[in-house]
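Enquirer: The following block contains the structure, expressed as structure tokens.
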Amino acid sequence: MNYYGLFVAILNLSVCFIVINAFNLSPKPNIIFKLPTINQKQSSYFGLSVILRDSSVYVGAPRAQSTLQSQLSIDEPGVIFKCVLKTGRCTPFNFDTKGDIAAEPNDYTWDSENKEHQWLGASMDGGPHEKDRMVVCAPRFFANSTSPEGYLMHGICYVAANTIGDQPSEVRKISPLRLKRDQTREINGMYYFYNAYAQMGFSVHNVESKDEIIFGAPGLATWKGSMVRYREKDYKDQDVSRSRRDTHRSIRKRELKEYISDVLQPELWAQPNDTYFGYSVTSGYFHGPNSTKLLYLASAPQSDAKDGEVYLFSIEPTRYSTLTITKQYVFEGTQFGEYFGYSLLAEDINGDNFTDVIVSAPNYYITNSYENGAVYVFLNLGQVSFSQPIKVTTGKLTRERFGTTVTKLGDINLDGYNDIAVSAPFSGSGTVYIYLGGPNGLRLKPSQIIQSPNPFSAVNQPMFGFGLSKGVDFDSNGYNDLAIGEPGLDATYVYRSYPVVKIIGTIDSPSRQIQIDQNKVQIKICWSLQTRSKNVTAQEVNFSVKFDPILKRLQVPTTDTTFKAVAKAQTQCKIYDATVKVSLRDIFRPVEIDLYYSLANSIQNVNAFCETCAVADPEDPKFVSQKIAFMTGCKNETCVANLKLKSLGIKSPFILGSKDNIIVKYIIRNEGENAYLPQINITSSNNMPFTRIPSACSLLRVATLQCNLNDYRPLGNMQTASIEISFDSSNLQGTKAVIRAQVFSVGNESNPIDNVVEDVILFTEFSQVEVSGEPLTPSISLEDGLGFKKIKNQAEIRNLGPSLVKQMEVTLQIPLAYIIPKSHIELPLIDFNNITLVAQYNNRNLDITYKQNGSILIPTLTARSAATQVDSSKSPKPITANKDHTLKSISSQDYDSIAKRPVDTEIAKELSGTVPINRTVFFNCYENSDVKCVEAIFTVTHFQREASINISFSYTLDLDIVNKILIPEKDFFVVTTLVELSRLDDLKGTTIQMSGGFPNNTISKHHLYSTPIWVYIVSAIGGLLILLGITYGMHKLGFFKRDKLQELQAAKHETQPLNQEASET
């Protein structure tokens, strides 16, 4: 097992960074910490895990030799170091000062402790302040190596109340997996490992908003994996899955608190073996602003046939005083073996106050490469629903394992959106990428890439970025800083963040228009500086002004167009008196003035931090432009236009998925004076992208288009112009979009109200879902024998569109038995425990829950679909029947009453023409109180248009009972499985329509004989022979000779006068 890869997943709140051209993190480390000199045989992995706090960095070195006298004889137990930021000095920070413990044997727990190679510090977590608690873990700690169960690698963790002093304060030991009875468990006569190899602390997450810590234990229960929740005791608790070893009375006397450990049992939610649930863990509030419901995230990277899954769930009590998880959402990997869920992050990155989910898959591969790595971003749409994943990769065709660690940086550039870092420790010596959040989620290109400060070494892989801290502002300049570990070289680096500034430039002129005979114009250039930094309030800026650079109709002294100035919060200006030179051929093209600006002092590629420096966001504009039109034909100096705007082509409501684009045509009519430089701005409330941008248009900012009208010519009185805009509607979400258009010109406007048009497009969804299938079992006849008959079917549920279905619940109603009306005796035809049902979507099995009258059923046999969902908190209700006893108690009148039951009109309509209705017995669940049924329920998320759910379904039918039901008047018996579809976000069912149905299975009393095909062939050949014989006989009689034909014609002419005479009489 890859432990250093494994322990990186522990820092699920850790982040990986990417920095391009050094944005606001220092391009080189400002503080460097090295492993203190100790007797070390190999790399201690100093920097595998890192916590940055306001005055210190805490560095995990899981292979370090301890300097404690009590641990000198222990080989590489692991050490936590406290590295003080001001002094640069690192000292051991000892959570555990004891050596190995050989405890006295007892009947209840394994209490011995073996700390050799326990990897203390492989995972750590804690808040940003020294006063916050801090938790560290040793997932390879084992309790006793001589137990009958063998090597008991339970894992152990320690939590300190704070880290203010030189050593941790009020340390509590967390080790809840030592009960002897739980090391192995018996299942069906076989013993399986349970707690023995749990490796608790493989991942850890400190819930900052609650007095709670969660630990991943991916080896628990034959590597099903699980999670341990350590929390303050609620005195309503009824000893739920906790160890007596986690109650600390001595501490409770001081703190008046008691803590317990909830060990979740994965068999309660049917977690498969060897899926490593708990590989990475985190938590968050996913229901939106002011939510108090804490939900948990845990990954199982080997689940779903090794594609990997991540579960969003709540922890709920069962009726048996145990705890289980209730899945709220399942995130699925897309590639075999990509290790989807290696690291997890729960963070709002688009500023909508809903917590989003980020999942890494460092083994994701690009074609013709391997282990390139990817990060998936799932945006929270509300109501525990998430967008389709946005996949982020570096595009490199090298083995870099991008996504090994991910961490939250907070809002590192103070633009209002949270940012993250992603590491690729095997990209050369290691690389950290910084990604910024934004209104549309994560920016797909990194804002910065930080490379290892050390050259690559094939002998000792540096693994820069394996350990990442969360973003913490330790230097109090208002911007979060970052610590990065390089465990292969036993080093940890601190990168400080520079303040971010924004340069605001404007161009103005007292003359909003230039007259034809005007030879001078005044241009005012202004600038200011915006920043949220309290330390840096001014920056020197380079300015360059370009006056009508193409046609050069404005002229100023060239020496005065490039200058430096100190930009501050207060606006400063510079005025130019420009000479106008114009020709009539250029009168309809406005003059253009461009102002370019950039910071004069760039960040140097050095280790020293510049206290007075700042940076600008590379995405910010680097210039501003202004156009001034020439004025002609107007009464006053400034033209007064009267532009009227209207839109055509908007249809509402719009069915999502029905079209790939929305086309809007805008008509602009001027009923006033000449409108110079007429333009239109178009934007939408949900930032719909444009499918194409006309040549006269340009993007001002994200999803805002500005277009020049009338080919740059003035729009005269009673003239019209038009433009057609196409929006990309292929990925629309939400309930509506507002498209806003505003037309304007450089002059004044007499009636601004009709310059704006807002079109509201309401979104609706509709999906036509087709159900089809066929029996795989050929026609069944009772003449072929009685007994039990296995019947197989296959079906397909296809979304014909046009819309995607976010969550669809499918219910199959399967009939099991007749209920005799008077005696209420059950007559079982189908055994529930022999039903096999598998539903697949996107090549993945779906979880299936069986219910009867609202209660969840548990099959008594193991032969069940691989996706069956079992809730063991419900009391088992297996369906069985004593057939011989049942049949003896049923009379012939009972069979007769069953056979003569009234036929449901829907069934009769559906099967009309396939079987004779009056001679058929129907077995189904159509509102029949005398039929016992079971419901098979499964849910599909993000059911795409033209996608299919493939279903295979088989059951065993008792033909002995069918034979008794088919009285002389009945010849056919039809078993019908009913299908119901519903959208979970549309209880009224107005947005989904089902057609078709599940295949029916027909049993006939007698063989259905049909005419063999050879009969048709022989008949056709015989007919041809007879036709040839008749033709040959007529030929022998001379029928086809010409004289015979003429003779017949003459006879016909002779008979015509006779016929005429007869008609006259």
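Per full-length UniProt numbering, the sequence shown runs over residues 1 to 1065.
Where is the CB? At the ideal position from N, CA and C, for every residue including glycine.
Let me confirm a value: Lys806 is counted as buried when at least 16 other C-beta atoms fall within 10 Å, else exposed. Which label applies?
Expert: Label assigned to Lys806: buried.
Enquirer: Can you check whether the CB of Leu295 is closer than 8 angstroms to the CB of Leu268?
Expert: Against a cut-off of 8 angstroms, the Cβ pair of Leu295 and Leu268 comes out as no contact.
Enquirer: Is it true that the CB of Glu980 sits closer than 8 angstroms to the CB of Thr811?
Expert: Closer than 8 angstroms, so yes.
Enquirer: Need the endpoints of the beta strand (DSSP E) that Ala198 sits in, please.
Expert: Where Ala198 is concerned, there is no enclosing beta strand (DSSP E), given that its DSSP letter is neither H nor E.
Enquirer: Kindly list the residues whose CB is nearer than 6 angstroms to the CB of Gln515, restricted to its own chain and excluding five residues on each side of it in sequence; keep chain order.
Expert: Once the five neighbours on either side are set aside, the close Cβ partners of Gln515 are Met631.
Enquirer: Thinking just about the alpha-carbon of each residue, which of Tyr712, Leu379, Pro621, Ser303 is nearest to the one in residue 1066?
Expert: Nothing can be reported for residue 1066: it is not among the residues displayed for the chain, which extend from 1 to 1065.
Enquirer: Ends of the alpha helix (DSSP H) at Thr318?
Expert: No alpha helix (DSSP H) holds Thr318; DSSP gives it neither H nor E.
Enquirer: With a Cβ-Cβ cutoff of 8 angstroms, do Phe547 and Gln555 count as a contact?
Expert: Yes; because the gap between Cβ atoms is below 8 angstroms, this pair is in contact.
Enquirer: Counting contacts by CB-CB distance shorter than 8 angstroms, is Gln539 in contact with chain B?
Expert: Structure shown: chain B not included; a single protein chain is present.
Enquirer: Short of 6 angstroms in beta carbon distance, which residues of its chain neighbour Glu208, apart from the five on each side in sequence? Order them along the chain.
Expert: Answer for Glu208: Gly127, listed in chain order.
Enquirer: Spell out the partners DSSP gives Trp527 in its beta bridges.
Expert: Beta-bridge pairing links Trp527 to Gly505, Gln572.
Enquirer: With contact counted as at least three CB pairs below 8 angstroms, one residue from each stretch, are the region 648 to 665 and the region 602 to 611 in contact?
Expert: No: the two stretches stay apart, fewer than three of their Cβ pairs being nearer than 8 angstroms.
Enquirer: Using CA atoms only, rank isn't needed, just tell me which of Thr977, Gly716, Ile951, Pro487 is closest to Ala839.
Expert: The shortest C-alpha separation from Ala839 is found at Ile951.
Enquirer: Under 8 angstroms between the Cβ atoms of Val359 and Val310?
Expert: Yes, Cβ-Cβ distance for Val359 and Val310 is below 8 angstroms.
Enquirer: By the three-class DSSP mapping on this structure, what secondary structure does Val303 have?
Expert: Rather than Val, the amino acid found at residue 303 in this sequence is Ser. Ser303 falls in the helix class under three-state DSSP.
Enquirer: What residues in its chain sit with their C-beta under 8 angstroms from that of Gly478, if we drop five residues either side in the sequence?
Expert: Same-chain partners within the cutoff: Leu414, Pro499, Arg532, Ser533, Lys534, Asn535.
Enquirer: State the DSSP-derived secondary structure class of Ala421, mapped to helix, strand or coil.
Expert: Note: Ala421 maps to strand in three-state DSSP.
Enquirer: Please return the same chain residues whose Cβ sits closer than 7 angstroms to the Cβ of Val903, not counting the five positions on each side in sequence.
Expert: Cβ neighbours of Val903 beyond the five flanking positions: Ile917, Phe922.
Enquirer: Distance, Cα to Cα, Tyr576 vs His942?
Expert: The alpha-carbon atoms of Tyr576 and His942 are separated by roughly 60 angstroms.
Enquirer: Indicate the three-state DSSP secondary structure (helix, strand or coil) for Val974 in the structure shown.
Expert: In this structure, Val974 counts as strand in the three-state DSSP scheme.
Enquirer: Secondary structure at Asp560, three-state DSSP: helix, strand or coil?
Expert: Asp560 falls in the helix class under three-state DSSP.
Enquirer: So, with DSSP's three-state summary, where would you put Pro802?
Expert: In this structure, Pro802 counts as strand in the three-state DSSP scheme.
Enquirer: Is Lys210 near Asn162, with beta carbons less than 8 angstroms apart?
Expert: Contact: no.
Enquirer: Grouping DSSP H, G and I as helix and E and B as strand, with all else coil, what is Thr612?
Expert: The answer is coil: DSSP assigns Thr612 none of H, G, I, E or B.
Enquirer: Which of helix, strand or coil does DSSP assign to Ala866?
Expert: A caution first: Ala866 carries a pLDDT of 38, below 50, which makes its placement in the model unreliable, though a value can still be read off. The answer is coil: DSSP assigns Ala866 none of H, G, I, E or B.
Enquirer: Just tell me which of Gln944, Ile164, Gly989, Pro176 has its CA closest to the CA of Tyr158.
Expert: Checked all of Gln944, Ile164, Gly989, Pro176; the closest Cα to Tyr158 is Pro176.
Enquirer: Distance check for Val541 and residue 1066, CA to CA, integer angstroms please.
Expert: Summary: the structure shown does not reach residue 1066, with the chain confined to residues 1 through 1065, and so no result is reported for it.
Enquirer: Does Tyr1032 come out as helix, strand or coil in the three-state DSSP assignment?
Expert: Helix.
Enquirer: Return helix, strand or coil for Asn755, following the three-state DSSP convention.
Expert: If DSSP states are grouped into helix, strand and coil, Asn755 belongs with the helices.
Enquirer: Based on Cα-Cα distance, which residue from Pro775, Leu782, Asp784 lies nearest to Ala795?
Expert: Ranking the options by Cα distance to Ala795, first place goes to Pro775.
Enquirer: What I want to know is whether the C-beta of Thr537 ends up closer than 7 angstroms to one or more non-hydrogen atoms of the ligand NAP.
Expert: In the structure on display, the ligand NAP does not appear, and there are no ligands present to speak of.
Enquirer: Look at the alpha carbon of Phe141 and the alpha carbon of Ser321, and state the distance between them as a whole number of angstroms.
Expert: Going from the Cα of Phe141 to the Cα of Ser321 covers about 29 angstroms.
Enquirer: Kindly identify the DSSP beta-bridge partner or partners of Leu837.
Expert: Answer is Phe953, bridged to Leu837.
Enquirer: Using 8 angstroms as the threshold, is the region 188 to 205 in touch with the region 214 to 222, meaning 3 or more CB pairs across them?
Expert: Enough Cβ pairs lie closer than 8 angstroms, so yes.
Enquirer: Leaving out the 5 sequence neighbours to the left and right, which residues in its chain are closer than 7 angstroms to Lys28 when beta-carbon positions are compared?
Expert: So the qualifying residues of the chain are Pro453, Asn605, Val606, Asn607.
Enquirer: Arg692 to Asp759, Cα distance in whole Å?
Expert: Each residue's Cα considered, the two are about 20 angstroms apart.
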